[in-house]
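Peer 1:
In my numbering, the protein residues as written are 6 to 433.
#1: Going by alpha carbons, who is nearest to residue 220 out of 367, 327, 393 and 112?
#2: Would you mind listing the alpha helix (DSSP H) stretches within the stretch 249–290 that are 4+ residues and don't spill past its ends, in chain order?
#3: Do residue 407 and residue 395 count as a contact pair if the criterion is CB distance below 7 Å?
#4: Would you tell me roughly how many angstroms separate the C-alpha atoms of residue 197 and residue 203, rounded to the nearest one?
#5: Please state whether DSSP places residue 212 in a helix, a strand or coil.
#6: Assuming residue 332 and residue 53 make a contact with CB atoms under 8 Å, what is their CB distance in whole Å?
#7: Terminal residues of the continuous alpha helix (DSSP H) containing residue 34?
#8: Alpha carbon to alpha carbon, what distance is there between residue 33 and residue 295?
#9: Run through the DSSP bridge pairs and tell me what residue 309 is partnered with.
#10: Pick helix, strand or coil for residue 295, following the three-state DSSP scheme.
#11: What residues in its chain sit with their C-beta under 6 Å from that of residue 229, if we drop five residues either side in the sequence?
#12: For residue 290 and residue 371, I'd like the C-alpha separation in whole angstroms.
#13: Starting from residue 333 and walking both ways along the alpha helix (DSSP H), at which residues does that stretch end?
#14: Can we say the stretch 350–362 touches the stretch 163–171, given the rule of at least three CB pairs closer than 8 Å?
#15: Touch check for the stretch 234–249 and the stretch 70–77: three-plus C-beta pairs under 8 Å?
#16: What residue range is occupied by the uninterrupted beta strand (DSSP E) comprising residue 131?
#17: Quick check on DSSP: helix, strand or coil for residue 83?
#18: How would you write the range of the alpha helix (DSSP H) that residue 105 sits in, first residue to last?
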């Protein structure tokens, strides 16, 4: 495949700005969607400080990847798999969650730096990776349901649900009709037009408070830390195994598309920077970042493979982080709109898992189907576990047994590497 600009080429200023805006249009929704979900949990008042820190962290780690890490044109954003870990560990408190993210990030960076990543990769066969991709989407179903029925106390849940269904249908129809960069930036247009539609149907949404500063840093860049219990830490370490696989797959997919040299070194540097970025996320109290796998589609649509095209996007994200007013307007996006866009993103994640499963022959046999199906079913059931059942579990193992993602991952690893290990003819 031919590109107008290679990995290390520097586009002319005008072209650089245009390409940068396209990368920005893809990056902002990814940061905003996950950020709003977590900001609502962490803060009783305004979510602006949390979103400011998340935008700033994303910009810094993106620049570090471009110049020091994998040095590839890869978009970056909050790790959905960590969102699952956070939601399942709320009982332990955010101080323990922050410490778990810090520890997980440091371990990930250390493993990549000393070259031990090759050994961990063996656990994640194509069948396991396919389950990981789909499991993230299935175990986020309760969160999506809460978002699309959230009327902010003024709109009945039934009405927001019907709005969400109609909006989702329109979004998926648009996904099937649009091409090129319009399709790549569909999440951004969905947020814009979805918010406008919501305002037309249900009235104005809350805007930033009067007197919100145009330029200001968050009140505090550092978050409290507390020693997590064994269950919370173990749950996060399992999530980091999946995050590492996601990061590896994203880097390798772009590297293969661009035929980049020195991929072994790029992977180690890229995963190390991701780990350090997660450690910094733990210190600042936000969700950790990961490289996204949607980058090849954007590169193919724009014809630009230059890593420097992401620099203007990173700078713009950092500038947005320094403006509470800009973040405040982003915070005003209604919860049902965020929920539908998150559902759209997760549907794409399921599609990616199914494609990988088909290409690798992961479900070519009945037993192969069981290896995929059982973890998905168990993980989904645990995600919808009633609070009273979860409260009755021992405190030590509660963070593990109430985390649908962790239950699913442990199950698929056991089925793949232990239960069906002696049936190589059925493995992909």
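Just so it is clear, CB atoms sit at the ideal spot from N, CA and C, and this is done for glycine as well.
Peer 2: To lay it out plainly:
#1: Ranking 367, 327, 393 and 112 by Cα distance to residue 220 puts 327 first.
#2: Within the stretch 249–290, complete alpha helix (DSSP H) segments of at least 4 residues are found at 268–289, given in chain order.
#3: The answer is yes: Cβ separation under 7 Å.
#4: Distance between the alpha carbons of residue 197 and residue 203 is about 10 Å.
#5: Coil at residue 212, not helix or strand.
#6: By a beta-carbon distance limit of 8 Å, residue 332 contacts residue 53. Their separation comes to about 5 Å.
#7: 18–47 is the span of the alpha helix (DSSP H), which, as asked, contains residue 34.
#8: So the alpha carbons of these two residues sit roughly 14 Å apart.
#9: Bridge partners of residue 309: 10.
#10: Residue 295 sits in a strand when the DSSP states are folded into three classes.
#11: Taken in chain order, the residues that qualify are 100.
#12: Spanning the two alpha carbons is a distance of roughly 44 Å.
#13: Per DSSP, residue 333 is one residue of the alpha helix (DSSP H) stretching across 329–336.
#14: Because the criterion of three Cβ pairs below 8 Å is not met, the stretch 350–362 and the stretch 163–171 do not touch.
#15: A contact between stretches requires three or more CB pairs, one per stretch, nearer than 8 Å, and the stretch 234–249 fails this requirement with the stretch 70–77.
#16: Under the DSSP assignment, residue 131 falls outside any beta strand (DSSP E), being part of the alpha helix (DSSP H) whose first and last residues are 131–144.
#17: DSSP places residue 83 within a strand segment (E or B) once states are collapsed to three.
#18: In the DSSP assignment, residue 105 falls within the alpha helix (DSSP H) that extends over 99–118.
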